[in-house]
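Chemist: I have a structure I would like to understand better, so I am pasting it below and will then ask my questions one at a time.
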Amino acid sequence: MSVLVSVVIPVHNGEKYLRECLDTVVGQTLTDLEIICVNDGSTDGSLAILEEYAAKDSRVKIISQNASNAGHARNTGLAATTGEYLSFLDADDWFELDMLETMVNQAQSTNSDIVFCKAATFNQKTGVQSTKSFSLKERLVPKGKIFSGKDIAEDMFQFCRTAAWDKLYKASFIKAEGLQFQEQPRMNDCFFSTMANVRASRMSVCSKMFIHYRINSGTSITSISPDIAFTCTLNTFSKLQETMTADELRTFGKSWKNFVIKNVVNEIATFSEDVAYRYYQKLRGCSFQLSDMKCNEIYDKFLYNMYVKYLDQDLSEESFKIAFGNFMQDYQAKKKQANWKKSLAGLVDLICSRSFSCLLRQLKNCR
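Just so you know, we're using the numbering used here here: the sequence shown kicks off at 1124 and counts up by one.
Given below as structure tokens:
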């Protein structure tokens, strides 16, 4: 028997935040749900918590498997779904309680293949919750309209985060496209979510902050060692390029190449010298053809120049390590400059805010 929404939650040693996560799903104002929790070889108390919730709520279904990765766990859950719509959530994050009802209503009224919402970060170390969305750039999409990737071709890979949890998917669309998650240690939802964006003919935006994404918790898959996960991004980009048709690559080519350059340059800057060299070797084996871009096609000239100058060269290991030292000097200088500008902008905002508050107080005193 089908339900309206299937929520898939991969769980691997997530006991610390699992109750908070589950409470926001079982407590949704939309009740026509199935909550498929895939216990991915947890060795802590996660399974006991899942069993506790399943005993109280028949909508909670548990599938246990040997430890693998979040991509495999999501695919296991996806295969078990019966819902008309699909939603994905990580075990350390949480939903607003009216999220699914609001997004389903929009999906149904607009016949959308995908509905996007906003996500904010919650810093577990500081307890600070952001008031700004980091997952969706609304300025890049048609406001209040149904759109497809072709309507935003030059920003196709820039307008949203490449995650699955801030979107509601029409199940028939996902299954017709045969989309699956990549089964790798990290970045396992980028292929799924990005190809869905490329192929969807009807997308819409729900301008509400519905997702709370926990950072600095020590439980995220993004914290996996670079020695294990350094190939994941390039594996994903290679699969995307192989999967997109020639027409899709032509249509979204400018956006795609800028997306790859930004991610490659920023990612290699996070690695040690040895891991960076292995990453560089794998990058040289990819056929992204990024250095042939014209001036008017480049979104960030600094990142593009960094790529061409340091990464698009045929270097020995010794030569690369010298080049990588220079790369990091240039990169850190640019980052320092960007942080200085950001701090200055924040100071200006603070001064303006205080000046405005002072003005309001003066006006009140004049009454």
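Glycine included, every Cβ here is placed at the ideal spot set by N, Cα and C.
Values in this document were obtained by computation on a predicted structure and should not be read as measured data.
Taking the continuous alpha helix (DSSP H) assigned at R1262, which residues delimit it?
Modeler: Unbroken run through R1262: none, as it is neither H nor E.
Chemist: Please classify G1206 as buried or exposed, where buried requires at least 16 other C-beta atoms within 10 Å of its C-beta.
Modeler: G1206 comes out buried.
Chemist: Ordered along the chain, which non-local residues of its own chain (more than five positions away) have a Cβ less than 8 Å from that of F1394?
Modeler: Excluding sequence neighbours, F1394 sits near P1349, F1353 and Y1402.
Chemist: For the structure I just gave you, are there three or more beta carbon pairs, one from the stretch 1192 to 1202 and one from the stretch 1262 to 1272, closer than 8 Å?
Modeler: No: fewer than three Cβ pairs fall under 8 Å.
Chemist: Which residue marks the beginning of the alpha helix (DSSP H) containing A1193, and which one marks its end?
Modeler: Looking at the DSSP string, the run of the alpha helix (DSSP H) that includes A1193 is A1193 to A1203.
Chemist: What whole-angstrom Cβ distance do S1324 and D1236 have, given they're in contact under 8 Å?
Modeler: About 6 Å separates the two Cβ atoms, so the contact holds.
Chemist: Quick check on L1291: does DSSP put it in helix, strand or coil?
Modeler: Strand at L1291.
Chemist: Can you tell me which of the three DSSP states L1223 falls into?
Modeler: If DSSP states are grouped into helix, strand and coil, L1223 belongs with the helices.
Chemist: Do the stretch 1272 to 1284 and the stretch 1304 to 1321 touch if we need at least three Cβ pairs shorter than 8 Å?
Modeler: Because the criterion of three Cβ pairs below 8 Å is met, the stretch 1272 to 1284 and the stretch 1304 to 1321 touch.
Chemist: Please classify R1322: is it buried, with 16 or more other beta-carbons within 10 angstroms of its beta-carbon, or exposed?
Modeler: Buried.
Chemist: Considering only the alpha carbon of each residue, which of Q1303, Y1454, D1397 and K1248 lies closest to S1340?
Modeler: Considering only alpha carbons, the answer is K1248.
Chemist: Exposed or buried, what is I1344 when buried is set at 16 or more other beta-carbons lying within 10 Å of its beta-carbon?
Modeler: With a pLDDT of 47 at I1344, under the threshold of 50, the modelled position of this residue cannot be trusted; read the value that follows with caution. Buried.
Chemist: Measuring only the C-alpha atoms, how far is L1170 from D1437?
Modeler: If you take the alpha carbons of L1170 and D1437, they lie about 50 Å apart.
Chemist: Counting only the same chain and skipping the five closest in sequence on each side, list residues whose C-beta sits under 6 Å from that of H1195.
Modeler: Result list for H1195: E1306, in chain order.
Chemist: With DSSP collapsed to three states, give me the class of L1426.
Modeler: Correct three-state label for L1426: helix.
Chemist: Is the separation between the beta-carbon of E1277 and that of S1378 shorter than 8 Å?
Modeler: Contact: yes.
Chemist: Using the C-alpha atoms, what's the distance from V1238 back to E1157?
Modeler: So the alpha carbons of these two residues sit roughly 19 Å apart.
Chemist: How do the stretch 1421 to 1438 and the stretch 1382 to 1401 stand: do at least 3 beta-carbon pairs fall below 8 Å, yes or no?
Modeler: These segments touch.
Chemist: Can you tell me which of the three DSSP states N1320 falls into?
Modeler: Helix, per DSSP.
Chemist: Any idea which residues DSSP pairs A1242 with across the strands?
Modeler: In DSSP, A1242 forms a bridge with I1334.
Chemist: Residues bridged to M1326 by DSSP?
Modeler: Looking at the DSSP assignment, M1326 forms a beta bridge with I1237 and F1270.
Chemist: Helix, strand or coil: how does DSSP classify Q1364 here?
Modeler: Helix, per DSSP.
Chemist: Considering only the alpha carbon of each residue, which of E1219, Y1140, N1449 and T1356 lies closest to D1312?
Modeler: For the residues E1219, Y1140, N1449 and T1356, the minimum Cα distance to D1312 belongs to T1356.
Chemist: So P1349 is in the alpha helix (DSSP H); what residue range does that whole segment cover?
Modeler: P1349 to A1352 is the span of the alpha helix (DSSP H), which, as asked, contains P1349.
Chemist: Which residues in the same chain have their Cβ closer than 6 Å to the Cβ of V1148, if we skip the five residues on either side of it in sequence?
Modeler: So the list reads V1130 and I1158, once near-sequence residues are dropped.
Chemist: Taking a contact to mean a Cβ-Cβ separation below 8 Å, would you say N1381 touches Y1422 in this structure?
Modeler: The answer is yes: Cβ separation under 8 Å.
Chemist: Got a sec, what are the start and stop residues for the beta strand (DSSP E) E1503 sits in?
Modeler: What is shown of the chain runs 1124 to 1490, which leaves residue 1503 out entirely.
Chemist: On a Cα-Cα basis, can you pick out the residue from C1418, D1435, I1384 and F1425 that is closest to G1408?
Modeler: Taking only the C-alpha atoms, the option nearest G1408 is D1435.
Chemist: Of all the options Q1412, A1446 and G1301, which has the alpha carbon lying nearest to the alpha carbon of F1360?
Modeler: The shortest C-alpha separation from F1360 is found at Q1412.
Chemist: Let me confirm a value: R1309 is counted as buried when at least 16 other C-beta atoms fall within 10 Å, else exposed. Which label applies?
Modeler: Counting Cβ neighbours within 10 Å, R1309 comes out buried, since at least 16 surround it.
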